[in-house]
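As structure tokens, the structure follows; a few thoughts come after it.
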Amino acid sequence: MTGPRPDDPVEDALHRAAHLDDCGFTARVLDALPPPRPRRRAAVLVPFVAAAVALAAVVLPRAVAVIGAALAAAAARPAGWAIPALVLAAAAGALVVAGVTAAGRADPG
139 MTGPRPDDPV
149 EDALHRAAHL
159 DDCGFTARVL
169 DALPPPRPRR
179 RAAVLVPFVA
189 AAVALAAVVL
199 PRAVAVIGAA
209 LAAAAARPAG
219 WAIPALVLAA
229 AAGALVVAGV
239 TAAGRADPG
């Protein structure tokens, strides 16, 4: 890919400092805004994380037992382990992608 042409009027317009005189409108609007509220993110996030951990501690041992039994039953059949293993791998991958996506969208502040 080549760079922009030096005589491109669109590139020139994009790179020029654009300032529109608004007769102080922006400053008046910003002065009229209420002060920022203190953030209470940790106060909300910590109880939800604690509840999620408690729920996982209750649910995961049962889920591991069910998944183990399903894999054992699938492995008992000749070549019957491939499809359930692929389904479980796809489900685990979907959960990882969902977690990474949610973590990427989280507000850093």
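In this text, residue positions in the sequence shown follow our numbering: the first is 139, and each later residue adds one. From the three backbone atoms N, C-alpha and C, an ideal C-beta is built for every residue, glycine too. These figures come from a predicted structure and were not determined experimentally.
Supposed close pair residue i, residue j - CB separation, criterion 8 Å
i      : j      : result
Leu209 : Pro222 : 6 Å
Leu171 : Ile205 : Going by Cβ atoms, the distance from Leu171 to Ile205 rounds to 52 Å, so no, they are not a contact pair.
Three-state secondary structure (DSSP) of residue i
i      : result
His157 : coil
Asp146 : coil
Arg179 : helix
Pro172 : coil
Arg215 : coil
Gly231 : helix
Gly237 : helix
Burial state of residue i (16 or more Cβ within 10 Å)
i      : result
Val238 : exposed
Gly247 : Legend: pLDDT at Gly247 = 47, less than 50; position of this residue unreliable, value from coordinates given subsequently. It counts as exposed.
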